[in-house]
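Engineer:
Below, the structure written as structure tokens:
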């Protein structure tokens with residue numbers, strides 16, 4: 641029986657884990673706290689606490705046929721590889737997926753990035769991702785482990801979308817002409833990962849985004865239309881930036897488009913939500 645082990649049972653990993661569990665897979669993984677472990681195990685998932693400070697017992701991974709890594713790197717590098725690289729080299733895994741970010745491309749000045757584009761991260765967080773990607777791909781090059789890298793755009797889905805921001809009264813419409821963001825619905829992340837599992841190509845890298853990068857203000861305005869409320873007024877970026885956290889500013893500093901052609905041509909993926917309009921409509925209808 642196939643067995644998925646997820647390092648980091650967060651928003652994206654859980655979307656895949658739930659889907660595969662419904663298809664009869666054995667699913668297990670990690671979280672960072674005991675409280676989260678209890679919550680996830682109440683949903684029928686075997687969970688180990690792993691916060692990067694110490695390795696898991698080797699038996700936790702012994703039956704894994706597929707491994708998904710969504711745990712982020714830190715200043716000390718990738719926590720999974722730091723503690724488990726030796727064990728991972730000995731596993732007879734059929735597929736390993738590493739979830740990265742399109743932030744590795746940095747600021748392209750609005751030009752489109754493909755998987756062959758130079759990596760030019762503009763923040764410490766994205767530089768750590770570049771280093772983690774290289775370390776995981778080295779596990780493929782030197783040890784033949786079936787590593788695949790997925791560079792995710794901005795993730796949204798049920799409970800984490802412009803609809804939720806509008807309902808909570810926290811939505812803003814920031815006006816920055818010619819600045820667009822790429823995004824991806826969490827269900828389509830699961831679609832891409834499943835397609836890769838069905839068609840492994842060790843060493844492959846995929847951009848995971850939808851078909852239409854768009855200004856964040858447009859997405860918020862559309863969410864307001866769906867909810868039948870007036871959109872918040874546009875705020876000039878220079879004004880909004882004065883109140884932004886450093887992390888929020890890092891997203892706005894980069895302006896890039898991202899091509900998703902490879903996931904369609906190589907994996908045959910057909911996105912369930914090709915733009916934010918279909919994605920928000922499905923969330924509102926409760927179809928996710």
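Numbering (my numbering), first residue to last: 641 to 928. Glycine residues also receive a C-beta, built at the ideal position from the N, C-alpha and C atoms. Computed from a prediction, not measured in an experiment: that's the story for all the values here.
(1) Just list the residues that DSSP pairs residue 688 with in beta bridges.
(2) May I ask which residues mark the beginning and end of the alpha helix (DSSP H) holding residue 777?
(3) Using 10 angstroms around the beta-carbon of residue 742, count the other beta-carbons present and answer buried if the total reaches 16, otherwise exposed.
(4) How about residue 736 and residue 785: do their beta carbons lie closer than 8 Å?
(5) According to the Cβ coordinates, are residue 966 and residue 871 closer than 8 Å?
(6) Does DSSP classify residue 900 as helix, strand or coil?
(7) Within the stretch 837-922, note down every full alpha helix (DSSP H) run reaching 4 residues or more, in order along the chain.
(8) Looking only at its own chain, which residues have a Cβ that is under 7 Å from the Cβ of residue 681, when we skip the five neighbours before and after it?
(9) On the DSSP letters alone, give me the boundaries of the alpha helix (DSSP H) that residue 757 sits inside.
(10) Please classify residue 773 as buried or exposed, where buried requires at least 16 other C-beta atoms within 10 Å of its C-beta.
(11) Helix, strand or coil for residue 730, going by three-state DSSP, please let me know.
(12) Between residue 728 and residue 918, what straight-line distance do the alpha-carbon atoms span, to the nearest angstrom?
(13) Rounded to a whole number of angstroms, what is the C-alpha to C-alpha distance between residue 600 and residue 739?
(14) Taking 7 Å as the cut-off, does the CB of residue 808 come closer than this to any heavy atom belonging to the ligand NAP?
(15) Residues bridged to residue 752 by DSSP?
Structural biologist: The answer reads as follows:
(1) For the purposes of this step, residue 688 is identified with residue 48 of the chain shown, where counting begins at 1. DSSP lists 670 as partners of residue 688.
(2) On the chain shown, position 137 is the one that residue 777 refers to. Residues 764-783.
(3) What you label residue 742 is simply residue 102 of the chain shown in a count that begins at 1. Buried, because 16 or more other Cβ atoms sit within 10 Å of the Cβ of residue 742.
(4) Your numbering for residue 736 matches position 96 in the chain shown. Your numbering for residue 785 matches position 145 in the chain shown. Yes; because the gap between Cβ atoms is below 8 Å, this pair is in contact.
(5) The first residue shown for the chain is 641 and the last is 928, placing residue 966 beyond what the model contains.
(6) The count along the chain shown starts at 1 and reaches residue 900 at position 260. In this structure, residue 900 counts as coil in the three-state DSSP scheme.
(7) 856-867, 877-881, 886-893 and 901-905
(8) Stepping through the chain shown from its first residue, residue 681 is reached at position 41. Only 687 meet the Cβ criterion.
(9) Position 117 of the chain shown, counted from the start, is the residue given in the question as residue 757. Careful: residue 757 lies outside any alpha helix (DSSP H) and carries neither H nor E.
(10) The count along the chain shown starts at 1 and reaches residue 773 at position 133. It counts as buried.
(11) Position 90 of the chain shown holds residue 730. Residue state, collapsed to three classes: helix.
(12) The residue given as residue 728 occupies position 88 in the chain shown. The residue given as residue 918 occupies position 278 in the chain shown. Rounded to the nearest angstrom, the two C-alpha atoms are 39 Å apart.
(13) Look at the range of the chain in this structure, 641 to 928, and you will see that residue 600 is not part of it.
(14) Ligands in the displayed structure: none, and consequently the ligand NAP is not present.
(15) Looking up residue 752 in the chain shown gives position 112. DSSP, once it has assigned bridges, lists 897 as partnering residue 752.
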